[in-house]
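Residue numbers (our numbering), protein chains in the order written: chain B, 7 to 299; chain V, 2 to 164.
C-beta: ideal position from N, C-alpha, C; glycine also.
Working notes, structure below.
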Amino acid sequence: MVSSRENSSNPARIPALGLRVLVLIIVSILLMYIDNRENHLDAVRKSIGAAVYPVRVVVDAPVRFWSWLGESTTSRNDMELELGRLRAEKLLTNARLQRFTALEAENARLRALLDARARVRDQVRVAEIMSVDANPYDHSLVINVGSQDGAFDGQALVDAEGVVGQVIETGLMTSQAMLISDSDHALPVEVNRNGLRTIVVGTGEIDRLDLPFVVNNADIRAGDLLVTSGLGGAFPSGYPVAVVETVTRLPQEPYASVTARPAASLGQVREVMLIWSKPLAENVPDDEDVPDE
Amino acid sequence: MNRDRSSRRLPVIMTLILGLMLTIMPLPDAAGPFRPDWLALLIIFWTMQLPRTWSVGTAWVIGIILDVSQGTLLGQHALALAIIAFTTVRFHLLMRVFPQLQLTATVFAMLALYQFLLFWINGVASVDAPAVAYWGPVITGTLVWPILYIFLSGVRYRTRSGG
């Protein structure tokens, strides 16, 4: 290894090269085996991940700078237009929210009547996406919230329109999340119109989801909104997931072929919200407090 | 002597960090599968040129970093890169005298081997991926190799005369 003759074209073999590569191959296979079976290597991943963090920040800097530049050089005219639009939108939202408050009160009353436990309020925190498609083999992204902010494995990720995915690996300052469009991802949902429960599976395509387990005579049609049912345990219930696009009933098959389009714009998100469906006792994020549906 | 060696290593480390940046840089969805394997190309170049300083050990460590930053199976890229480095060291004298066209063809074969190893490990671990994620980087990697070669040769000779 140590040699100052590295530039000379000495035909001598590098000492013990074959042995070294053999040892490394065995170590790699062992690592992969352990990594695939158990989560014993989380600590290793986290510490190496922390070492890579500065590189991520540097890589992310130009993108951040560009958006900052875009924001700070918008013309006054554009800003005023934007402001007007936002004011109108706020008015609309407020009006809706008023109705919502009344509905929530009514809901609580009815639930009390039914002797059901009042639903917990969800806590959210905005996270920024640091890099998308970190890994070409699956649909995942890296966000700038890690275990020191209270993120945990399996945590739900939503954007303004609907569910984006879930955290699969928390680092100290960053986490990796899997999108619902990943072909390894499945999510229990229900049809908002009639409460029909089913499962949404990712296809590997960013704008298409599959519903493989809908029976032929089920009451489902194009345009139906699918919301999380909360039955999987990972996701809080009531968040929009997708809109049914096509329903093809196949008489010869037990299940109909149903596809849906994700409600969230999975390919374009820059900010996502992490959801704590149970109030955190010790580590409450201070951003916002949005009630569950 | 020590200072001399570290000043010779620094540029290589800089190119490797640059390669890591290019690897984790966000790209549009359509271009994602065609991102060249920058680190594999860098490993091929540096182990070919300086096989006593940069060989399988370095490649393995870089592979582990790559695994962590991409969230793949820990050891997957490490194994593939170590084998690429081993092959390169074995044939480095031959590769140094190859004309550029033949060298590019060799690099194509190496990148194909690299992607095949990743594909094979994915298969064993039952990770599903579209085929373009495998052959895309091989093609773009081969295309950028001649340019990268000129750039890295520049880096190498500058540091040798400077160091």
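Residue j beta carbon less than 8 Å from that of residue i
i	j	result
tyrosine 115 of chain V	aspartate 38 of chain V	yes
threonine 204 of chain B	valine 220 of chain B	yes
threonine 105 of chain V	phenylalanine 35 of chain V	no
glycine 273 of chain B	isoleucine 212 of chain B	yes
proline 194 of chain B	tyrosine 261 of chain B	no
isoleucine 165 of chain V	isoleucine 18 of chain V	No answer is possible for residue 165 of chain V: it lies beyond the span of chain V, which begins at 2 and ends at 164.
valine 170 of chain B	glycine 160 of chain B	no
threonine 180 of chain B	tyrosine 39 of chain B	no
isoleucine 186 of chain B	leucine 215 of chain B	yes
isoleucine 300 of chain B	glycine 64 of chain V	What is shown of chain B runs 7 to 299, which leaves residue 300 of chain B out entirely.
alanine 81 of chain V	leucine 23 of chain V	no
aspartate 188 of chain B	histidine 145 of chain B	yes
valine 156 of chain V	threonine 16 of chain V	yes
valine 69 of chain V	arginine 51 of chain B	yes
arginine 267 of chain B	alanine 248 of chain B	yes
leucine 23 of chain B	valine 62 of chain V	no
isoleucine 31 of chain B	alanine 83 of chain V	yes
leucine 112 of chain V	proline 147 of chain V	no
threonine 54 of chain V	arginine 10 of chain V	yes
threonine 59 of chain V	valine 108 of chain V	no
valine 13 of chain V	proline 52 of chain V	no
glutamate 167 of chain B	serine 271 of chain B	yes
Endpoints, alpha helix (DSSP H) assigned at residue i
i	result
alanine 41 of chain V	39–50
aspartate 66 of chain B	48–78
arginine 57 of chain V	Looking at the sequence itself, residue 57 of chain V is valine, so the reference to arginine does not match. Where valine 57 of chain V is concerned, the enclosing alpha helix (DSSP H) stretches over 57–71.
leucine 30 of chain B	23–43
Separation of residue j from residue i, as counted between CA atoms
i	j	result
alanine 124 of chain B	alanine 114 of chain B	Note that alanine 124 of chain B scores a pLDDT of 48, beneath 50, so its modelled location is shaky; the value from the coordinates is reported in the next line. Their Cα atoms are separated by approximately 7 Å.
glutamine 129 of chain B	leucine 280 of chain B	8 Å
arginine 276 of chain B	tyrosine 158 of chain V	42 Å
aspartate 190 of chain B	threonine 73 of chain V	14 Å
glutamate 294 of chain B	glycine 229 of chain B	Since pLDDT at glutamate 294 of chain B reaches only 44, below the 50 mark, its modelled position is unreliable, and no value is offered.
alanine 130 of chain V	aspartate 66 of chain B	26 Å
threonine 223 of chain B	threonine 265 of chain B	Note that residue 223 of chain B is asparagine in the sequence shown here, rather than threonine. Approximately 16 Å, taken between the alpha carbons.
alanine 183 of chain B	leucine 94 of chain V	44 Å
phenylalanine 87 of chain V	glutamate 251 of chain B	51 Å
methionine 2 of chain V	valine 133 of chain V	Residue placement at methionine 2 of chain V is poorly supported in this model, since its pLDDT is 43, which falls under 50; the coordinates are not used for a value here.
leucine 42 of chain V	methionine 26 of chain V	17 Å
asparagine 150 of chain B	methionine 136 of chain B	6 Å
proline 242 of chain B	valine 164 of chain B	11 Å
leucine 75 of chain B	glutamate 134 of chain B	18 Å
glutamate 95 of chain B	valine 132 of chain B	20 Å
histidine 46 of chain B	leucine 37 of chain B	10 Å
leucine 21 of chain V	alanine 269 of chain B	33 Å
glutamine 103 of chain V	arginine 82 of chain B	58 Å
aspartate 41 of chain B	threonine 254 of chain B	40 Å
glycine 345 of chain B	alanine 108 of chain B	There is no way to answer for residue 345 of chain B, as the model of chain B reaches only from 7 to 299.
tryptophan 178 of chain B	leucine 67 of chain V	Per the sequence shown, the amino acid found at residue 178 of chain B is leucine instead of tryptophan. In a straight line, the C-alpha of leucine 178 of chain B is about 18 Å away from that of leucine 67 of chain V.
glutamine 50 of chain V	glutamine 154 of chain B	43 Å
proline 246 of chain B	proline 257 of chain B	30 Å
valine 63 of chain B	leucine 147 of chain B	15 Å
glutamate 77 of chain B	tyrosine 135 of chain V	38 Å
glutamate 259 of chain B	leucine 202 of chain B	20 Å
Range covered by the beta strand (DSSP E) that runs through residue i
i	result
proline 218 of chain B	215–221
valine 207 of chain B	203–208
proline 194 of chain B	192–197
alanine 183 of chain B	181–185
Any non-hydrogen atom of the ligand ZN within 7 Å of residue i CB
i	result
threonine 254 of chain B	No copy of the ligand ZN appears in this structure; indeed no ligand is present at all.
Whole beta strand (DSSP E) elements within the segment 86–172 of chain B, 3-residue minimum: For secondary structure counted as the beta strand (DSSP E) over 3 or more consecutive residues, the segment 86–172 of chain B holds these complete runs in sequence order: 128–138, 146–149, 162–164.
Minimum length 3: unbroken beta strand (DSSP E) runs contained in the segment 230–282 of chain B: Along the length of the segment 230–282 of chain B, whole beta strand (DSSP E) runs at least 3 residues long occupy 231–234, 246–254, 261–268, 277–282, reported in chain order.
Interface positions of the segment 162–185 of chain B facing chain V (Cβ-Cβ less than 7 Å), listed along the chain: The segment 162–185 of chain B vs chain V, Cβ under 7 Å: Glu175, Gln182.
Residues of the segment 60–76 of chain V with Cβ closer than 9 Å to any Cβ of chain B, in chain order: Under the 9 Å Cβ criterion, the segment 60–76 of chain V contributes Ala60, Trp61, Gly64, Ile65, Ile66, Asp68, Val69, Ser70, Gln71, Gly72, Thr73, Leu74, Leu75, Gly76.
Contiguous alpha helix (DSSP H) assignments of at least 4 residues, all confined to the segment 89–121 of chain V: Fully enclosed alpha helix (DSSP H) runs of 4 or longer: 93–98.
Near-chain B residues of the segment 23–34 of chain V - C-beta to any C-beta below 8 Å: Answer in chain order: Ile25, Met26, Pro27, Leu28, Asp30, Gly33, Pro34.
Interface residues of the segment 45–62 of chain B facing chain V [CB-CB below 8 Å]: Within the segment 45–62 of chain B, contact with chain V at the beta-carbon level (separation under 8 Å) is assigned to Leu47, Val50, Arg51, Ile54, Gly55, Ala57, Val58, Val61, Arg62.
Selection of the segment 128–144 of chain V by Cβ proximity to chain B, strictly under 7 Å: Of all residues in the segment 128–144 of chain V, Val128, Asp129, Ala130, Pro131, Ala134 have a Cβ within less than 7 Å of some Cβ in chain B.
Residues in the segment 101–128 of chain V having any Cβ partner in chain B nearer than 8 Å: Here the close residues are Ile122, Asn123, Ala126, Val128.
Short-range partners of chain V found in the segment 202–230 of chain B, where Cβ spacing is below 7 Å: If you check each beta-carbon in the segment 202–230 of chain B against every beta-carbon of chain V, the ones closer than 7 Å belong to Gly210, Ile212.
Contact residues within the segment 244–259 of chain B, judged by C-beta distance below 9 Å to chain V: Residues passing the 9 Å Cβ filter: none.
Residues in the segment 87–102 of chain V having any Cβ partner in chain B nearer than 7 Å: So the close ones are Phe87, Val90, Leu94.
Chain-ordered residues of the segment 147–158 of chain V with a beta carbon less than 9 Å from chain B: Answer in chain order: no residues at all.
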